[in-house]
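Under our numbering, think of the first position of the sequence shown as 3, with each following residue one higher. Read the structure below first, then the notes.
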Amino acid sequence: MSLNDKLVEEAAGILRRKGVRDTRDIPGAVDLLAGYESFEAMENDELEAYARAALGKVGAAPGVGTGAGARPGSRPAAGAKGGARPFDIARGGTPRELAPYTSPFVFVTLPDQVVPADQAPLDIPRADGYCATIRYTLEAETPLLVGAEASRSGPDEGIVMPMTMGGTDAYVIPGATLRGLVRAAVEIVAHGRLGSANLHHRFGIRDFEHPYYELVAKVERVKAGWLTGSTDPDGKVTMEIVPCDWAHVLIDDMAAAPEFAGRVSRREDWIVKSLTDKYQALGLAPGGGKPILYDFHETFGYGPPFDDKGRTVRKPMKGGTPGVPVMSGKLPGRGGKKKYEYAFFDRRGARPVPIGEAIVDDFVRMNSKPSKNRPVPDGSWKELKPTFDADRRIPVFYVGDLEAQGPDFFFGLTRMMKLPHRRSVGGVLAASHARHQPAYGQQNDLTYHADFVEGLFGYVVEPKDIGADQSASSAPPSIARKGRIALSFATPKPGFDRARLSDPVVVIQSAPRASFAPFYLQPAQLGANDGEADYSAEQPPRLAGRKRYRPRDGAADVVGRLAKIMAMGERQIEAVRQSSSGRSVSEEVKSRLRFLLPRDAGKPLVFEGEIRLHNVTAAEIGAVLFALTHGGDPAKPYRHMIGRARPFGAGQMRLRTLDLAAEANDGRAIPPPAGEELASPDTRTGFCTDKGTASLKEFLDAFAAHMSKQPGLDKFPVVPAVLEFLGASEPAVDVSDAQLDYMGLKAFNELRGTVKPLKAPRGQTPKPPARATADDGRLLPAPKQPRKPPVFWT
Numbered sequence: 003m004s005l006n007d008k009l010v011e012e013a014a015g016i017l018r019r020k021g022v023r024d025t026r027d028i029p030g031a032v033d034l035l036a037g038y039e040s041f042e043a044m045e046n047d048e049l050e051a052y053a054r055a056a057l058g059k060v061g062a063a064p065g066v067g068t069g070a071g072a073r074p075g076s077r078p079a080a081g082a083k084g085g086a087r088p089f090d091i092a093r094g095g096t097p098r099e100l101a102p103y104t105s106p107f108v109f110v111t112l113p114d115q116v117v118p119a120d121q122a123p124l125d126i127p128r129a130d131g132y133c134a135t136i137r138y139t140l141e142a143e144t145p146l147l148v149g150a151e152a153s154r155s156g157p158d159e160g161i162v163m164p165m166t167m168g169g170t171d172a173y174v175i176p177g178a179t180l181r182g183l184v185r186a187a188v189e190i191v192a193h194g195r196l197g198s199a200n201l202h203h204r205f206g207i208r209d210f211e212h213p214y215y216e217l218v219a220k221v222e223r224v225k226a227g228w229l230t231g232s233t234d235p236d237g238k239v240t241m242e243i244v245p246c247d248w249a250h251v252l253i254d255d256m257a258a259a260p261e262f263a264g265r266v267s268r269r270e271d272w273i274v275k276s277l278t279d280k281y282q283a284l285g286l287a288p289g290g291g292k293p294i295l296y297d298f299h300e301t302f303g304y305g306p307p308f309d310d311k312g313r314t315v316r317k318p319m320k321g322g323t324p325g326v327p328v329m330s331g332k333l334p335g336r337g338g339k340k341k342y343e344y345a346f347f348d349r350r351g352a353r354p355v356p357i358g359e360a361i362v363d364d365f366v367r368m369n370s371k372p373s374k375n376r377p378v379p380d381g382s383w384k385e386l387k388p389t390f391d392a393d394r395r396i397p398v399f400y401v402g403d404l405e406a407q408g409p410d411f412f413f414g415l416t417r418m419m420k421l422p423h424r425r426s427v428g429g430v431l432a433a434s435h436a437r438h439q440p441a442y443g444q445q446n447d448l449t450y451h452a453d454f455v456e457g458l459f460g461y462v463v464e465p466k467d468i469g470a471d472q473s474a475s476s477a478p479p480s481i482a483r484k485g486r487i488a489l490s491f492a493t494p495k496p497g498f499d500r501a502r503l504s505d506p507v508v509v510i511q512s513a514p515r516a517s518f519a520p521f522y523l524q525p526a527q528l529g530a531n532d533g534e535a536d537y538s539a540e541q542p543p544r545l546a547g548r549k550r551y552r553p554r555d556g557a558a559d560v561v562g563r564l565a566k567i568m569a570m571g572e573r574q575i576e577a578v579r580q581s582s583s584g585r586s587v588s589e590e591v592k593s594r595l596r597f598l599l600p601r602d603a604g605k606p607l608v609f610e611g612e613i614r615l616h617n618v619t620a621a622e623i624g625a626v627l628f629a630l631t632h633g634g635d636p637a638k639p640y641r642h643m644i645g646r647a648r649p650f651g652a653g654q655m656r657l658r659t660l661d662l663a664a665e666a667n668d669g670r671a672i673p674p675p676a677g678e679e680l681a682s683p684d685t686r687t688g689f690c691t692d693k694g695t696a697s698l699k700e701f702l703d704a705f706a707a708h709m710s711k712q713p714g715l716d717k718f719p720v721v722p723a724v725l726e727f728l729g730a731s732e733p734a735v736d737v738s739d740a741q742l743d744y745m746g747l748k749a750f751n752e753l754r755g756t757v758k759p760l761k762a763p764r765g766q767t768p769k770p771p772a773r774a775t776a777d778d779g780r781l782l783p784a785p786k787q788p789r790k791p792p793v794f795w796t
């Protein structure tokens with residue numbers, strides 16, 4: 003196979019910038035290059051040839067020596083051959099040392115136990131119940147930003163600003179934000195279900211060395227069809243596919259064929275044309291208006307099909323079988339070895355097949371950018387969606403059974419489409435933590451069994467999640483329940499309310515991706531799946547837990563932390579620039595943030611808020627107090643994290659004071675706070691400022707007693723979830739900012755390669771080593787709280 007020298011140099015440049023030096027890592031280089039436009043349309047064998055040639059330029063010949071990127075002391079295992087990955091060379095021996103894991107977040111273990119709710123009627127006062135008000139103050143120890151984009155135009159366009167209410171300087175923390183903070187903490191300590199997770203979400207995969215991607219990588223498995231459908235005013239998309247036949251067509255044949263009458267230029271020029279330019283040249287984009295609407299009924303003649311190394315190929319031919327040319331997008335530069343375009347052939351009598359709602363949702367999400375309101379089409383979907391919305395057909399490729407639409411079915415706009423992983427987040431949760439599923443234990447009674455946290459905060463359940471008929475005229479009982487807790491806005495405390503805004507700080511923020519699986523997942527059992535933690539692993543993995551951002555500063559340092567956030571943003575942008583061949587970083591990936599800072603030196607910003615609880619038990623009050631006070635430790639070594647830019651250390655909040663006013667339904671007197679419960683003058687220790695309020699201890703004790711009666715929690719609160727919650731909440735003063743930064747791409751790819759499934763190279767069975775820092779196989783477990791627990795715990 004002849005290769006284009008310029009494209010080989012481009013590939014070598016990419017590998018150098020990414021720090022790839024190990025010449026045995028052919029699959030890793032293929033995986034990396036496949037993400038770049040110059041190579042994404044290539045067939046796998048061609049892409050592997052470029053990877054080998056590029057690796058030959060950045061190091062020794064593949065399979066020779068230890069490789070320029072090998073770490074000291076690493077060596078091939080007995081029998082290892084050239085072309086094996088660096089993670090495979092240790093098979094049968096000691097794994098080589100990987101770069102240290104670094105991340106701004108950790109995971110608090112997700113227990114198997116879920117504590118049920120006491121479903122007492124809402125409108126009848128409980129004999130053992132209370133009504134209570136919690137008044138608290140929070141001090142911002144680092145820059146704070148709770149808000150949204152200020153404007154879509156003008157000088158503040160696109161800048162995220164702190165939220166205000168009633169005036170330009172009346173900064174507030176919304177009650178919804180505070181409710182999320184409190185509920186997330188209560189879910190951990192009270193062993194509630196995993197609440198704030200998009201359980202239906204299936205991440206996408208385009209990984210040539212992943213065995214699951216064989217569904218797409220093997221050309222004989224790929225089929226074709228015409229996609230039609232509609233989008234309603236609310237953004238809901240419905241789709242159907244009419245199956246058709248398809249074939250590869252050599253670009254050189256198209257350029258030389260009289261059938262195309264000079265519409266197709268020579269291959270070197272054709273492959274750098276945009277999708278629109280190609281279709282306009284072929285007459286499939288008439289009019290040239292905006293948006294461009296394509297006509298996929300224009301046909302050309304093609305000769306009989308023949309086989310070429312597994313591909314079905316046809317040549318253009320006057321008077322041949324009519325087919326619609328289907329083009330791929332532009333390859334940048336003047337090089338490239340893309341040889342084929344495609345042609346689709348209608349089947350007589352083929353009927354449209356409706357596509358399932360969940361599959362449509364996956365397709366739209368994977369072909370769109372995240373947005374606040376609804377997904378924004380991206381890439382080829384952005385180009386073709388106006389045609390789709392105009393009730394015209396567009397070409398798609400698909401794998402699996404179109405009629406059955408089983409778990410292996412999916413479709414995309416390109417031959418090498420992105421494929422959804424085998425399991426959704428909810429699928430992993432169902433396999434590993436069944437009690438966290440809404441329908442657990444329902445036994446067809448259609449009654450939702452809420453957990454302790456849902457019983458307090460309220461809930462709304464989708465009927466389908468408990469097996470109810472969604473077409474029924476009325477909802478089954480217990481499908482929703484009103485909460486008995488309400489949180490006010492937090493407003494600046496008088497005397498601590500003078501604030502100013504920082505200049506805009508530019509950072510890069512992104513949503514989780516499937517490639518983060520090494521952190522978000524753990525093996526089903528330590529050593530199972532050969533250490534694989536992947537959404538498409540043969541054996542379902544387990545979720546690593548609830549993500550928590552770690553506080554960093556042991557003392558308030560707003561100015562110092564702001565400087566560190568700015569520096570981290572600059573490092574992010576430079577890293578992206580270097581990975582993009584020195585091109586400027588797109589404005590679309592940047593976030594511009596203005597933080598809230600204290601105006602007066604030595605006087606922090608303090609917010610005060612209120613929580614009201616109605617007809618609740620002592621244990622429920624205790625759960626909220628436990629979450630807010632981190633177990634009632636009067637030394638108050640722990641912190642809360644809130645708002646934007648938590649990965650950079652922003653939004654670190656210290657609980658200054660907390661007063662509880664509680665009234666028992668039966669009129670019983672409640673003792674006032676005393677001793678260590680009382681706040682010191684500087685608020686560094688203790689909580690309560692008013693001796694006329696209620697003691698916290700009675701309610702903390704009630705919560706601990708309630709939890710310790712639950713199966714498997716007899717030692718509460720000395721249980722893993724609580725200990726890790728406290729460990730994740732203690733400022734990481736002994737950890738450098740570098741250790742709390744996101745990992746570099748090279749180090750992360752090495753780590754990812756140790757836990758994802760692999761195709762067996764050269765007849766071998768790959769067994770990448772599991773790499774864990776916790777006994778249960780998690781890579782980023784929260785540190786367990788090492789401090790002496792409060793007296794009431796014992």
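Note that the Cβ used here is the ideal one computed from N, Cα and C, for glycine as well.
Under the three-state reduction of DSSP output, residue 149 falls in the strand class.
In the structure shown, the three-state DSSP call for residue 423 is coil.
Inter-segment contact for the segment 629-647 and the segment 206-220 is absent: fewer than three beta-carbon pairs are separated by less than 8 Å. For residue 602, the number of other beta carbons within 10 angstroms of its own is below 16, and it is reported as exposed.
Counted as a single uninterrupted DSSP element, the stretch harbouring residue 731 is not any beta strand (DSSP E) but the alpha helix (DSSP H) occupying residues 722-731. For residue 612, the enclosing beta strand (DSSP E) stretches over residues 607-618.
Judged by pairs of C-beta atoms under 8 Å, the segment 694-714 touches the segment 671-682, as three or more such pairs exist.
Apart from the 5 residues on each side of it in sequence, residue 225 sits with its Cβ closer than 8 Å to the Cβ of 245, 248, 399, 400, 401 and 404 in its chain, given in chain order. Pairing residue 187 with residue 656, the inter-Cα distance amounts to about 15 Å. Rounded to whole angstroms, residue 618 and residue 728 show a C-alpha spacing of 25 Å.
Nearest Cα to residue 665 within the set 684, 696 and 682: 696.
Boundaries for residue 309: no alpha helix (DSSP H) harbours it, while the beta strand (DSSP E) harbouring it runs 308-310, taken from the DSSP string.
By the criterion of a C-beta distance shorter than 7 Å, residue 288 is surrounded in its chain by 297, once the five residues flanking it on both sides are discounted.
Annotation for residue 13: the continuous alpha helix (DSSP H) segment containing it runs 7-19. Across the structure, residue 743 and residue 527 are spaced so that their CA atoms are roughly 29 Å apart. Residue 451: not part of any alpha helix (DSSP H); DSSP gives it neither H nor E. The three-state reading of DSSP puts residue 489 in strand, counting E and B together.
In the displayed model, residue 682 falls within coil according to three-state DSSP, outside both helix and strand. Note on residue 369: 16 or more other CB atoms within 10 angstroms of its CB, so buried under the neighbour-count rule. In the structure shown, the three-state DSSP call for residue 578 is helix. By the neighbour-count definition (other C-beta atoms within 10 Å, threshold 16), residue 572 is an exposed residue. Between residue 780 and residue 423, the beta carbon gap of about 20 Å keeps them out of contact (Cβ cut-off 8 Å).
Boundaries of the beta strand (DSSP E) harbouring residue 657: 654-666, taken from the DSSP string. In the structure shown, residue 566 adopts helical secondary structure according to DSSP, grouped into three states. The C-beta separation of residue 295 from residue 329 comes to about 16 Å, leaving the pair out of contact by the 8 Å criterion. Only residues of its own chain outside the window of five on either side were considered, and among them 398 and 400 have a CB closer than 6 Å to the CB of residue 413, listed in chain order. In the three-state reduction of the DSSP assignment, residue 213 falls in the helix class. Within the same chain, and ignoring the five residues on either side of residue 392 in sequence, the residues whose Cβ sits closer than 6 Å to its Cβ are 295. Following the DSSP letters along the chain, one finds residue 141 inside the beta strand (DSSP E) bounded by residues 132-142. Counting the other Cβ atoms within 10 Å of the Cβ of residue 124 gives fewer than 16, which makes it exposed.
In summary, residue 167 is exposed, with fewer than 16 beta-carbon neighbours lying within 10 Å of its beta-carbon over all protein chains present. With a cut-off of 8 Å on Cβ pairs, the segment 579-594 is not in contact with the segment 169-179, counting fewer than three such pairs. Minimum Cα-Cα distance from residue 577 among the listed residues 607, 521 and 509 corresponds to 509.
Within a 10 Å sphere around the beta-carbon of residue 628 sit 16 or more other beta-carbons, which makes this residue buried. Around the beta carbon of residue 758, 16 or more other beta carbons sit within 10 angstroms, so the residue counts as buried.
Following the DSSP letters along the chain, one finds residue 388 inside the alpha helix (DSSP H) bounded by residues 381-391.
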